[in-house]
Amino acid sequence: MTLRERIGFTTLAAATGALVLLVFALLTYIVSGGASVLSWEFLSQSPRAGMTEGGIFPALLGTFLLTILTAVSSVPVGIAAAIYLVEYAREGTFIRLVRLSIRNLSGVPSVVYGLFGVGLFVHALDLGISILASGLTLGLLTLPTTITASEEALKAVPRSYRDGALALGATRWEAIQTNVLPAAAPGILTGVILGLSRAAGETAPILFTGVAFSLPKLPTGLGDQFMALPYHLYILSTQHHDIVRVRPIAFATATVLIGLVAVLNLTATYLRARARSRMHA
Amino acid sequence: MKIESRGLDFFYGTAQALHGVTLGVKTREIFALIGPSGCGKSTFLRCINRMNDTLDGTSVRGMLTLDDADIYAPNVDVVKLRRRVGMVFQKPNPFPKSIFDNVAYGLRLGMKLPRTELEGRVERALRGAALWDEAKDRLSASAMMLSGGQQQRLCIARAIAVEPEVLLMDEPTSALDPIATARLEELMQSLRAAYTIVIVTHNLQQAARVSDTTAFFLHGRVVEVAPTDTLFTRPRVKETEEYITGRFG
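These protein sequence lines map, in sequence, to chains A and B. Its first residue numbered 1, the first sequence is counted upward by one per residue in our numbering. Its first residue numbered 282, the second sequence is counted upward by one per residue in our numbering.
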């Protein structure tokens with residue numbers, strides 16, 4: 001190895017090490033800050049005594065339900081749009097424009113989605129400040145990610161899978177259904193889960209559309225308001241009347257939120273790895 | 282004539298790839314298309330099952346018939362055409378499914394066969410493609426685990442499972458080793474009893490060994506069509522002679 005190479009590799013290794021160390025330090029800081037209150041009860045109980053005691057169950061449930069609504073509202077539309085763009089649409093100025101818009105939408109700040117959600121779902125469609133309005137807003141937010149990830153997954157399916165099916169007398173849709181989608185599914189799923197895990201941590205889009213500071217009871221319908229982890233964390237860290245006292249609870253909430261996102265991402269990784277090994281086995 | 286082409290022109294956009302191709306393929310013969318790369322032989326092959334339809338901006342002029350019926354007539358159902366005209370591709374393209382599901386793929390399209398009949402037809406197709414003995418104990422294993430030669434025979438099994446009349450083969454052995462190639466050529470000899478086969482090949486010895494009739498393509502035109510023996514021993518046209526003696530291409 002020449003000296004130049006050695007310097008280069010050392011620099012790269014140091015950069016990687018620094019990053020790992022940073023993440024590790026951050027996790028340690030957060031987890032140790034909340035360790036004193038983390039327990040099963042913390043996950044399963046409601047906040048008590050002005051959030052200074054009890055757990056985060058309503059926020060956890062709210063984020064869970066919200067993520068389901070986000071998935072239901074964005075995944076089918078997103079995959080359908082990707083199928084159209086990749087398999088059916090003929091390249092042209094219009095399609096290029098559509099694609100460009102989708103790419104740009106994924107760069108729009110989430111607070112803009114929040115305001116759009118207020119205008120469209122809360123007022124124009126009269127859904128009110130509700131978990132449904134929030135779910136749809138987050139659905140819109142994840143749509144560009146879902147479409148782009150699905151498009152990439154579909155494009156990665158070899159042409160021979162399509163041609164092979166067509167040559168056997170499959171219609172275009174049959175070829176897509178039986179040959180292209182199964183092969184693209186792991187990639188699509190990974191993109192969808194990553195998109196949802198991002199949505200689960202968003203605050204701005206739900207802030208105006210449905211999330212509540214604190215609720216005496218759990219949501220029972222789509223028209224109800226809800227509590228959510230990211231917003232709960234925000235309240236505990238900046239808006240609470242006794243911030244110092246609830247600090248451990250804030251740290252523990254952050255731990256749960258990070259854990260939730262990590263679980264989602266690991267699921268995505270696992271599904272992708274499993275599908276890949278099954279595909280090539 | 283099983284397949285007849287008269288004055289067939291083909292265009293990719295404005296680029297003309299075939300110029301007035303005229304030739305006839307008899308029932309249950311093996312018909313070889315030879316010629317240098319880019320001469321239009323694969324394009325012609327893909328006209329017969331209209332696989333070129335999947336590319337944007339292509340167009341056809343002239344006559345191409347299967348059993349005297351125009352392949353490009355507006356009322357032709359492409360799906361039905363492709364069930365009559367099967368295709369084997371250059372690179373083995375098993376689907377990422379089990380061996381059984383690969384062979385059953387075409388049989389499951391648009392119809393629901395009873396399980397026992399499906400199994401019977403899968404077995405018959407695998408036997409027909411000389412793959413049954415190697416595959417019978419692992420039908421549910423992934424087709425991706427087969428060797429290249431086995432994969433190509435699987436693709437043939439998949440194609441003949443739907444009982445087509447014509448088999449198109451686009452350089453089917455170019456990705457295979459010599460032993461797998463020999464097996465596939467043997468297989469073609471047994472398939473000619475039931476199917477009309479049109480094969481594109483870069484391998485002149487292969488064309489000489491397996492085919493009954495050979496057409497030599499050059500720059501999108503048919504230079505010469507003749508019984509294989511004649512074409513390889515007494516070519517009429519100078520270009521044919523130069524090509525088969527290895528002076529170009």
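Each residue gets a CB set at the ideal place from its N, CA and C atoms; glycine is no exception.
Contact check for residue 102(A) against residue 147(A) passes: the beta carbons are separated by less than 7 Å. Cβ contact annotation for residue 68(A) (same chain, cutoff 6 Å, sequence separation greater than five): none. Counting along the chain, the unbroken beta strand (DSSP E) around residue 305(B) starts and ends at 296-306.
Residue 360(B) reaches chain A at 169, 170, 171, counting residues in chain order whose Cβ is nearer than 8 Å.
A direct Cα-to-Cα measurement between residue 75(A) and residue 227(A) gives close to 23 Å. Taking all protein chains in view, the Cβ of residue 296(B) is surrounded by fewer than 16 other Cβ atoms within 10 Å, so the residue is classified as exposed. Secondary structure note for residue 368(B): its beta strand (DSSP E) is the uninterrupted segment 366-369.
Assigned with DSSP and collapsed to three states, residue 60(A) falls in helix. In this structure the region 368-380 of chain B lies against the region 452-463 of chain B, because at least three pairs of beta carbons, one per stretch, are closer than 8 Å.
Burial of residue 313(B) is indicated by the presence of at least 16 other C-beta atoms within 10 angstroms of its C-beta.
In chain order, 410, 411, 412, 464, 465, 468 place their CB closer than 8 Å to the CB of residue 434(B), counting only its own chain and leaving out the 5 sequence neighbours on each side.
Taking 8 Å as the upper bound for CB-CB distance, residue 387(B) and residue 443(B) are in contact here, some 4 Å apart. The beta carbon of residue 364(B) sits closer than 7 Å to some beta carbon of chain A. At a cut-off of 7 Å between C-beta atoms, residue 383(B) does not count as an interface residue with respect to chain A. For residue 144(A), the enclosing alpha helix (DSSP H) has its first and last residue at 131-155. Identification of chain B residues near residue 183(A) by a Cβ-Cβ cut-off of 9 Å yields 376, 377, ordered along the chain. Proximity of the region 172-187 of chain A to the region 79-90 of chain A meets the contact definition, three or more beta-carbon pairs being nearer than 8 Å. Shown here is that no member of the region 487-509 of chain B has a Cβ falling below 8 Å from a Cβ of chain A. Within chain A, 90, 91 have C-beta atoms less than 9 Å from the C-beta of residue 337(B), given in sequence order. Residue 174(A) belongs to the set of residues whose beta carbon lies under 7 Å from a beta carbon in chain B. In the three-state DSSP reduction, residue 247(A) falls in the helix class (H, G or I). Within the same chain, and ignoring the five residues on either side of residue 509(B) in sequence, the residues whose Cβ sits closer than 8 Å to its Cβ are 313, 488, 489, 492, 493, 494, 495. Not a single unbroken stretch of the beta strand (DSSP E) spanning 3 or more residues falls wholly within the region 20-98 of chain A. Residue contact with chain A for residue 469(B): absent (no Cβ-Cβ distance below 7 Å to any residue of chain A). The alpha helix (DSSP H) runs lying completely inside the region 469-510 of chain B and spanning 4 residues or more are 485-491, given in chain order. If one requires a minimum length of 3 residues, the beta strand (DSSP E) runs lying completely within the region 315-352 of chain B are 339-347, in chain order.
Under the Cβ distance rule, residue 387(B) counts among the residues neighbouring chain A, one pair being separated by less than 7 Å.
CA-to-CA, the gap between residue 393(B) and residue 511(B) works out to about 48 Å.
For residue 166(A), the residues of chain B that pass the 8 Å Cβ criterion are 332, 335, 363, in the order they occur in the chain. Contact check between the region 252-259 of chain A and the region 223-237 of chain A: three or more CB pairs, one atom from each, fall below 8 Å, which counts as touching. Relative to residue 526(B), the option among 316(B), 288(B), 298(B), 506(B) whose CA is nearest is 316(B).
Under the Cβ criterion (8 Å, minimum of three pairs), the region 512-526 of chain B does not count as touching the region 329-347 of chain B. A straight-line Cα-Cα distance of about 26 Å links residue 193(A) and residue 95(A). The secondary-structure analysis by DSSP pairs residue 513(B) with nothing; it has no beta-bridge partner. The beta carbon of residue 277(A) does not come within 7 Å of any beta carbon belonging to chain B, so the residue lies off that interface.
Residue burial annotation: residue 445(B) is buried, with at least 16 other C-beta atoms found within 10 angstroms of its C-beta.
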